[in-house]
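Residue numbers (our numbering): 5 to 255. Using N, Cα and C, we set each Cβ at its ideal position, and we do this for glycine too.
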């Protein structure tokens, strides 16, 4: 397959390079990724400044194109301008840290995959679910094996798979589960500080809230040692409430 690979940790991040090396054993891989880390950029795109695409080499090896934009920019540019072949699959990752629950609304990694879905390409976001000691090799091996077994053409239009891999050795992984997006979220707060000139500035912190413990939730699967695979959709209409709203407004 021809695979477009992006991320939000930047083109030099170990996660994307380990995944590119693993997938290149069986597929043609084009890396188009941000020039620097663009975590938590969500689905932002660049419309008022030009995008630069710089070929990046490490030693004698070409590793891809660095873009001064967001993951969604990278996918657009990769599909519409840089690639000279038909791309079969978009993969975003491997992200450092999990993308669970409401993380997907903020995540540049997930947004890269959703941009691929919007552009009608089968798409996968993949994360190693540990900030401190991510095991990218485990996630890369799983994605390579998953692509051998799963027909990506079965992913419906405008849908992406959000994959979170526990940071364990491959032999420690218990298996995989198809999960739902949980209600895992953060209770945010700001700490006020002063700069040397007496001006206020703020650092945002957050406490994780995990009060959605069903076995079919994404974080419950990861916590239990399973790989979580969650199908997510580019459109966010709440159809249940839409019908109730119609009735209420009619009255």
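{"Check": "How far does the beta strand (DSSP E) with residue 192 in it reach, from first residue to last?", "Outcome": "189 to 198"}
{"Check": "State yes or no: is the C-beta of residue 81 within less than 8 Å of the C-beta of residue 128?", "Outcome": "no"}
{"Check": "Using the C-alpha atoms, what's the distance from residue 197 back to residue 96?", "Outcome": "36 Å"}
{"Check": "Please name the residue, chosen from 105, 54, 58, 19, that lies closest to residue 217 on a Cα-to-Cα basis.", "Outcome": "105"}
{"Check": "Go ahead and pull the three-state DSSP assignment for residue 16.", "Outcome": "coil"}
{"Check": "To the nearest angstrom, how far is the alpha carbon of residue 101 from that of residue 223?", "Outcome": "12 Å"}
{"Check": "Got a sec? Which residues, its chain only, sit under 6 Å from residue 5 by beta carbon, not counting five neighbours each side?", "Outcome": "31, 92, 93"}
{"Check": "How long is the line joining the alpha carbons of residue 121 and residue 115, rounded to whole angstroms?", "Outcome": "9 Å"}
{"Check": "Where residue 184 and residue 169 are concerned, what is the direct C-alpha to C-alpha distance, given to the nearest angstrom?", "Outcome": "15 Å"}
{"Check": "Between the segment 54 to 73 and the segment 130 to 139, do three or more beta carbon pairs fall short of 8 Å?", "Outcome": "no"}
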